[in-house]
Amino acid sequence: MKKLHKNFKFYIIIFLIPCSIGYLIFSLLPMISALYLSFTSWDVIGGTPNFIGAENYQNIFDGDEFYRVMGNTFKFIILYIPGIIISSFLVAILFDTKVKGVTGFRILLFIPVLTSWVAGSIIWKSALNGQYGLINNILGLIGIEGPGWLTDTKWSMVSVVLVSIWKDLGFFSLIIFGGLRGIDKTVYEAAEIDGANSFQTLRRITLPLVSPTLFFVLITTMINSFQLFPQVMVMTGGGPLGSTQVIVERIYTYGFKYFNMGYAAALSMILLIVIVSITIIQLILQKKWVFYE
Amino acid sequence: MNKKLKLKSLSVIAILFLITAVSLVPFLWMISTSLKNSSALMAVPIEWIPKKVSFDSFVKVLKELPFLKSLMNSVAITLGSTILTLVSSSLAAFIFAKFEFKFKNLIFILFLASMMVPIQVTGIPIFIILTKLGLNNSFIGVIAPSIFNVFAIFLLRQYMKNISNEFIEAALIDGANLFQVYLKIIVPMSLVPLTTLFVINFMSYWNDYFWPLIILTDPNKVTLPVLLSKLNTQYATEYNTLMAGSLVSMTPILVVYTFAQKYFIRGIQEGGIK
Amino acid sequence: MKKLTVFILLVFMVFTITACNKDDDGRIQIDFLNFSSNGGQEETLAAMIEAFETENPDIKVNVETLGYDDYFTQLAIRVAGNQAPDVYELNIENFKAYADKGALSEIDTTKIDVSQVHETTLEAFQIGSKQYGLPTKFSNVVLIYNKDLFDEAGIDYPTNDWTWDEELEAAQAIRALGDGIFGVSRPIQTHEFYKTVVQNGGSMMNVDQTEFTLNSVENIEALGMMIDRINETNVTPNAEQLGGMGDWDLFLSGRLGMIVTGIWAFSTFADEADFDWDIVVEPGIKTKATHFFSDAVVVSSKSKQQEAGAKFAAFLSGSEEAALLRADANWDLPVALTDEVVDTYKSITPPLNKQAVFDSLDYLVTPPSLERFNEIADDLKSYLDRAIAKELTAKEALDQAQAFISSKYE
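Protein chains in written order, with the numbering used here: chain Z, 3 to 295; chain X, 49 to 322; chain F, 220 to 629.
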């Protein structure tokens, strides 16, 4: 589309002022201070930070903890991202069938999204009790002995993933549903006339056409995964045996429990670099699979 | 309707019912918990449906806690934040969608990158800045950070790109200035994504916990999530009261969502998250 | 234009509703932040403040109460942002960090009356010989037992002379009552560890606190005993059996015979337990040892109201009036232990045997006074957890913890 030509410098500046001020004050300035803090030892309560060079970074890379925590985060990503994308996609396809009564489900399925993380996590914590929890009681009714979801290191991260999918399914299925609805339905009719079966239609038409939306979902869920926090904090506190410790949980613990903000800031700078690199990689890779009309 | 279609509809409903049922189980459990008295909470075997339905926890939430006051505070803060986000983001999105200027792409990428820093780190610097501005312990201080919201700018920009320039040019020829164009053309034509964002932001500001907790020290200014968190004490949690409180605090967003969900989906679809 | 006007009006309204915060009269205002009144004692604290304001009509106290989970995060952010409240509450675990870093102002004890304050608690909040906080309440840990379960098992109630052996015997008898019924709960974490090793003649650090002594023979033996309670005799529920429930909840549900926990449990247990219970001094191994906890009010070094703040702190700490209110509300043990306060405290039952609280004062131990204690505690706990999970033996866990912690915190 052609851009407007007249010179609107004055309005451009005026219109951008609110956001730009907000960006400077609430994003850029704090980020720069965090970068500075990462080269200091600052104990939060004791006045000014001490410059110590790259010591925090060195300590992070020298210890085992960082690698374990990243490992946990990747475990989360490997389970969560395919899980949420596939399940949201399926639900979105069902939403898109135009069957009567679907709207009701759309509203109901959104309730977990509306629940606050704290309330949601507390209720799941009680529901996932090994002995007295709701889930294992239900499983017991059909003769399955459920594991100690939150107390067994094999299951703790799986539980965090399941709860995250539960919370996010309503949101992402709606987003993908929006993408599906944007597809021109005559394309399907043409495919049907050509004798394509439903799998072929899905593979050759639906997926490419909805790929921009899927790409958006992928980027968002990836960022969310790295910033995983409240569900871990409330449900497991990082345990058992550190099996659900993730990077933001560590940042919080070092910053506010051990009062070692310099170390926490260094961790968050590393987190920033990781997220930015992964996002850039995704932006490059998207050319191979995302289809723009 | 032929048989095949009927079968299809039935199976769609059946599958959706199953998925929805599973995801609502914890929610039903929340309701059941909120209706229990304290001794039934830990009963063995588990009480699926409380033997004695007790509304004590709801009474406690509504009467003993300064609930109404917090509700009003939450409404004021959430509305203020949401509106501020919508105004500042739509102004910026209009510019990003329709005009060319130096460093446009760089600025946009910098904006996007800011989504990636967790608040646990920027929290203290922001708090210090707000304090220096004299905004702590005021609603303005809680609302202020919502002036910058990348997701909203992003979504609105995608949508506004599709608004035809001809409308804008016609208005300009009629002698309107750009601010009038924004008010008379851009805003009315962007009502759908604005509604979507209204819902999304209302929801997240409503449930926000970190900022109100840090900024507002006056007990009279406490918001609902902060008030409810006090039910979680050091040694014991009154699950029934906590759940009752959560249920009550969810109602406003549920109402907002129910009314807006149609536009909400249209916004996502037409905004074309691409 | 109409819509914009509505927008602006709305935003404006929101701002103005809240922006006005006027001071009513010429009184000195002090802000007081606390956590310990949260969850049931808010009214007691309000009564104390009312009494203080009646006595000092020129001072007004603005209270803010936060839940314990958020308290120290909040406090740190406010102190960092130069917004510390004039007077605030600190527990003994966090006191040293705040005092060492200059966040607290010295309280001149010659100008205020602290004559009634229990000596041990007063000393706990001194650095050098300077007083940086005034204790308000303290607590220790006792053995609380469910009389009904003891009756059901047909065994004798505990006495102050019990050791771990008698405790284990009774616990096994109660455990035998049913599948979901457990004998005793002693959590396994760093706090419990440093106390239990003292009971066995060991310690976490050497006497002058220069070196860790985590893997001494006594410590290994004590940890072994703690873990056997879970993994061998199973008189103590494991994490699976607890299933996310806290041990207080388990006790209150009537399925736990004995619990070793703080006296701050009294008011909750009195309200919620529907069975008979009482207390004795916590059983030891070779000797007796029990926890000492205390909370103090401190005055911020940045406060403009130092004098009024110190006055308020002294009232909460040393006045008989505040102490009586506290004792009457069953809110821990006041530090101003006059005869009347002690009598009032003892008269509130259950538990009947409140004398055990005072008997326990002879056996108090405190954690090593280290600036990074929180972090060390988590590190040590991760090794204790691996021993509980049978990944490591008690000896391996403590050997590794000793090596790791010694090198990390040299």
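Here a beta-carbon is modelled for each residue, glycine too, at the ideal position from N, C-alpha and C.
Does DSSP put residue i in a helix, a strand or coil?
i	result
residue 493 of chain F	coil
residue 498 of chain F	strand
residue 464 of chain F	coil
residue 370 of chain F	helix
residue 32 of chain Z	helix
residue 84 of chain Z	helix
residue 98 of chain Z	coil
residue 242 of chain Z	coil
residue 395 of chain F	coil
residue 212 of chain X	coil
residue 258 of chain F	coil
residue 55 of chain Z	coil
residue 196 of chain X	coil
residue 194 of chain Z	helix
residue 516 of chain F	strand
residue 42 of chain Z	strand
residue 601 of chain F	helix
Using a Cβ-Cβ cut-off of 8 Å, state whether residue i counts as contacting chain F.
i	result
residue 74 of chain X	no
residue 175 of chain X	yes
residue 87 of chain X	yes
residue 261 of chain X	yes
residue 68 of chain X	no
residue 260 of chain Z	yes
residue 3 of chain Z	A caution first: residue 3 of chain Z carries a pLDDT of 41, below 50, which makes its placement in the model unreliable, though a value can still be read off. Not one chain F Cβ lies under 8 Å of residue 3 of chain Z.
residue 170 of chain Z	no
residue 184 of chain X	yes
Using a threshold of 8 Å, state whether the C-beta atoms of residue i and residue j are closer than that.
i	j	result
residue 280 of chain F	residue 274 of chain F	no
residue 89 of chain Z	residue 19 of chain Z	no
residue 403 of chain F	residue 575 of chain F	no
residue 458 of chain F	residue 240 of chain Z	no
residue 238 of chain X	residue 207 of chain X	yes
residue 185 of chain X	residue 263 of chain X	yes
residue 563 of chain F	residue 581 of chain F	no
residue 551 of chain F	residue 315 of chain F	no
residue 258 of chain Z	residue 193 of chain X	no
residue 270 of chain Z	residue 36 of chain Z	yes
residue 363 of chain F	residue 508 of chain F	no
residue 632 of chain F	residue 260 of chain F	A query on residue 632 of chain F cannot be resolved here, the shown segment of chain F reaching from 220 to 629 and no further.
residue 109 of chain Z	residue 309 of chain X	yes
residue 138 of chain X	residue 231 of chain X	no
residue 233 of chain Z	residue 123 of chain Z	yes
residue 425 of chain F	residue 437 of chain F	no
With 8 Å as the threshold, decide whether the Cβ of residue i is near any Cβ in chain Z.
i	result
residue 653 of chain F	This structure leaves residue 653 of chain F out entirely; chain F is present only between 220 and 629.
residue 629 of chain F	no
residue 208 of chain X	no
residue 394 of chain F	no
residue 601 of chain F	yes
residue 436 of chain F	no
Any Cβ of chain X within less than 8 Å of the Cβ of residue i?
i	result
residue 28 of chain Z	yes
residue 301 of chain F	yes
residue 70 of chain Z	no
residue 367 of chain F	no
Who are residue i's beta bridge partners in DSSP?
i	result
residue 142 of chain X	Residue 142 of chain X pairs with nothing; no bridge assigned.
residue 266 of chain F	Residue 266 of chain F is not bridged to any residue.
Quick check: the region 168–175 of chain Z against the region 81–96 of chain Z, are there 3 or more CB pairs under 8 Å? yes
So does the region 244–262 of chain X actually touch the region 49–65 of chain X, counting three or more Cβ pairs closer than 8 Å? no
How about the region 389–406 of chain F and the region 472–491 of chain F: do they share at least three Cβ pairs that are nearer than 8 Å? yes
Segment contact flag, the region 528–548 of chain F with the region 430–445 of chain F, C-beta cutoff 8 Å, min 3 pairs: no
With contact counted as at least three CB pairs below 8 Å, one residue from each stretch, are the region 113–132 of chain X and the region 194–209 of chain Z in contact? no
The region 340–354 of chain F in contact with the region 292–301 of chain F per 3-pair CB rule at 8 Å: Touching, no, given that fewer than three Cβ pairs across the two stretches are closer than 8 Å.
Answer yes if the region 298–314 of chain F comes into contact with the region 250–257 of chain F, meaning at least three C-beta pairs across the two stretches below 8 Å, and no otherwise. yes
Decide if the region 243–263 of chain Z is in contact with the region 140–154 of chain X; the criterion is three or more beta carbon pairs, one per stretch, under 8 Å apart. no
Using a Cβ cut-off of 7 Å, which residues of the region 29–56 of chain Z contact any Cβ in chain B, in chain order? Although the question refers to chain B, the structure presented lacks it and instead comprises the protein chains Z, X and F.
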